[in-house]
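Notes to accompany the following structure.
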Amino acid sequence: MKIIDYGSGNLLSIYDAFKKIGVKTTITSNKDELREADAIILPGVGSFGAVMKNLTEYEDVLHEHIDDSKALLGICLGLHVLFTDSEESSNMKGLNIFKGSVKRFNLSEDMKIPHMGWNDISINKENVDILSGCDNKYMYFVHSYYIQPEDKDIISAYTDYGGRIPVAIGKDNIHALQFHPEKSGEYGLKILENFISTI
Numbered sequence: 012m013k014i015i016d017y018g019s020g021n022l023l024s025i026y027d028a029f030k031k032i033g034v035k036t037t038i039t040s041n042k043d044e045l046r047e048a049d050a051i052i053l054p055g056v057g058s059f060g061a062v063m064k065n066l067t068e069y070e071d072v073l074h075e076h077i078d079d080s081k082a083l084l085g086i087c088l089g090l091h092v093l094f095t096d097s098e099e100s101s102n103m104k105g106l107n108i109f110k111g112s113v114k115r116f117n118l119s120e121d122m123k124i125p126h127m128g129w130n131d132i133s134i135n136k137e138n139v140d141i142l143s144g145c146d147n148k149y150m151y152f153v154h155s156y157y158i159q160p161e162d163k164d165i166i167s168a169y170t171d172y173g174g175r176i177p178v179a180i181g182k183d184n185i186h187a188l189q190f191h192p193e194k195s196g197e198y199g200l201k202i203l204e205n206f207i208s209t210i
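If you read the sequence shown in our numbering, its first letter stands for residue 12, the second for the next number, and so on.
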């Protein structure tokens, strides 16, 4: 399993989280190594445009990986870039693996942006293996934007922040999370364990 190092992401904290559950991962920017991986972890911090600029040279690798039905886990901005575009960087397109947009929160003045801290998730679908045992559990969030998928069937969990928003998706071999499992304690680690079991 490889954590893709494309110059934007909280790589060491994710590496350490997998180490806690006894799973060896490798952080790499080498395309040949990524092509050999059974699973790729796609982290992301910063802005949509900066992440996509750095990720452009890996688009072919990621699409090949998905086409080969290998597992992919996107985290935070690693979720956002799977979609078509984002209000954060209107001149930069996403990977367009899923149709849909990333929108900025439009909240009342008493709601802070970014949405930062602990919030519970509500599982949307049955048989979502990666979220098994985590319904109504609290996860750690840091984000100012949220996804709006065209296909609502891919949404696997919601949270409530100024309204009900999607915070996890799953389809076939692809899973992605708005929250940070590596910072979400016991249940975040459980999600990583669940992901490993799907590979």
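Just so you know, even glycine gets a beta-carbon here, dropped at the ideal spot from N, CA and C.
Within its own chain, the residues whose Cβ lies closer than 7 Å to the Cβ of SER19, once the five positions on either side in sequence are excluded, are GLY55, VAL56, GLY57, ALA61, VAL62 and ASN65, listed in chain order.
Under the three-state reduction of DSSP, LEU93 is assigned to coil, being neither helix nor strand. DSSP places HIS74 in the helix class (H, G or I) of the three-state scheme. ILE86 and LEU188 do touch by the CB rule: their CB atoms are close to 6 Å apart, below 8 Å.
When rounded, the separation of the alpha-carbon atoms in ASN21 and SER119 is 30 Å. Membership of ILE38 in the beta strand (DSSP E) is indicated by the continuous run 37-39. A straight-line Cα-Cα distance of about 14 Å links TYR172 and ASN147. Contact annotation: the stretch 158-168 touches the stretch 177-194, with at least three C-beta pairs closer than 8 Å. Look at ASN130 here: in three-state DSSP terms it is strand. For MET150, the uninterrupted beta strand (DSSP E) run begins and ends at 149-154, by DSSP. Only residues of its own chain outside the window of five on either side were considered, and among them ALA82, ASP140 and ILE141 have a CB closer than 7 Å to the CB of THR209, listed in chain order. It is roughly 22 Å from the alpha-carbon of ASP162 to the alpha-carbon of HIS154. Unbroken alpha helix (DSSP H) runs of no fewer than 4 residues, entirely contained in the stretch 139-201, are not found.
Taking the Cα positions, GLU193 is about 26 Å away from THR95. Per DSSP, the unbroken alpha helix (DSSP H) holding ILE25 starts and ends at 22-31. The DSSP-derived three-state label of ILE207 is helix. ALA61: member of the alpha helix (DSSP H) spanning 59-66, first to last residue. Judged by beta-carbon spacing, LEU53 lies beyond the 9 Å limit of VAL113, meaning their Cβ atoms are not closer than that value.
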